Each structure stands twice: as structure tokens, then as C-alpha cells.
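A.B. asks: In UniProt numbering, the protein residues as written are 1 to 195. All residues carry an ideal CB built from backbone N, CA and C; glycine is no exception. Note that the structure is a prediction, hence the values are computed from the model and not measured.
#1: Consult DSSP for residue 142 and reduce its assignment to one of helix, strand or coil.
#2: Considering Cα atoms alone, identify which of 159, 128 and 161 is closest to residue 147.
#3: DSSP on residue 194, reduced to helix/strand/coil?
#4: Where does residue 12 sit, in a helix, a strand or coil, going by DSSP?
#5: Assess, as a yes-or-no matter, whether the segment 80-90 is touched by the segment 41-50 under the definition of 3 or more beta carbon pairs within less than 8 Å.
#6: Give me the Cβ distance between residue 145 and residue 180, rounded to the nearest whole Å; I'm assuming they're in contact under 8 Å.
#7: Consult DSSP for residue 127 and reduce its assignment to one of helix, strand or coil.
#8: Do you know how far the Cα of residue 159 is from the Cα of residue 258?
#9: If distances are taken between C-alpha atoms only, which option among 162, 91 and 132 comes closest to residue 103?
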């Protein structure tokens, strides 16, 4: 996130970040988001409020940083043996997780931050997941759409619905996946041999 002090890998900085993130998660599990303040987080984390302000700038940047970390995928997409089913399974899980109460709160926190770097990080996480499915498909000789096409035709409509309406149904997610897979040009036999 757009903190003023760049975190160093390991050491005191990493310990402070871990402690503050843990404090935020703990407080959010016990109280309403509107009641959480920098002094409360600092007390819970065992640091001074000035440490938090110096590192994150303000409460919203801190909440966004915690949300980005929680939105980082903790596993590879499930390998079902089929590119279309891999994407279908991933998209259904993505829609379910992002449309949950905690998912919506994390999305709001990321989008409310000033710098926008958290949103870019989250987009990057999503693209990495889709790239994994694409690489797996290529290794099996299966056709798969461009990552940008999946972002535009599957991820974007899901996220739009989550942000501005109700979560898309499983049937709608299936339709989105079917639609993007239909535009994928089939690989020719000669392309399969050279792949």
C-alpha cells in the first residue's frame, strides 16, 4: 500500500506489519468496522499510533493493506482435468468468496484507499490465477482464451454485479465461462504438435 516507510523483508518492519495486521483482524472480528480506530489497533498490536500513521498514513490505507493481504489467493486453482471446468470451478469460487460479507468488506476497503495500488495488486492476483489455468490448458493441448478476455468477459461482470447489485448466480457464472470459451479459437493439429 502507499505507506510512507517501505517495509523491509523480515526484521522489525515485518514483525510490526504482522502484529498490526493481526490486531486489525482481531478487532474487526469483535467489533463493528466504524468503531475500529488507529489508537485501538495500536494498543492491540503493542505499537504506538505514530508507528501506524508513519507506515500507512491513515486508517483507510491500513484497512486496505490488510484487505489486500487477505485477498491474496492461498492456493492454485483446482485442476479438474479440463480447461473449461478449471475456469468454471475457479469462477464459481471467486464469485462466492468475493460476494460474501467479508469479501464485500475487503473489496470496499481496497477501493476506498487513496493510491489505488491495492486494487492493482488484487487485479494482479486474479490474473495470476487465470494464467495458471491457461498454462495448464496449454500443457494439455487445450484451447484457452487470452487472460484479458477472461478478465473482461468473466471477472469484470462478476465484480460489477457484486459491487452494484446481487452476486451472480451459478448459472450466470456458467454462462459467462461458456461465452468466453466459445470465442476461443480452436488449436490446430499442427499447433498442438509444436506446443
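C.D. replies: Looking at the coordinates:
#1: If you number the chain shown from 1, residue 142 lands on position 142. If DSSP states are grouped into helix, strand and coil, residue 142 belongs with coil.
#2: Indexing the chain shown from 1 puts residue 147 at position 147. Closest option to residue 147, Cα to Cα, is 128.
#3: Translated into the one-based positions of the chain shown, residue 194 becomes position 194. Note that residue 194 scores a pLDDT of 42, beneath 50, so its modelled location is shaky and nothing firm can be said.
#4: One-based indexing of the chain shown puts residue 12 at position 12. Here DSSP, grouped into helix, strand and coil, assigns residue 12 to helix.
#5: No, they do not touch.
#6: As a first step, residue 145 is located in the chain shown; it is residue number 145 there, counting from the start. As a first step, residue 180 is located in the chain shown; it is residue number 180 there, counting from the start. The pair is a contact, with the Cβ atoms about 5 Å apart (cut-off 8 Å).
#7: Position 127 of the chain shown holds residue 127. Reduced to three states, the DSSP call for residue 127 is helix.
#8: An answer regarding residue 258 cannot be provided, because it is not within the stretch 1 to 195 covered by the chain.
#9: Position 103 of the chain shown, counting from 1, holds the residue named residue 103. Checked all of 162, 91 and 132; the closest Cα to residue 103 is 162.
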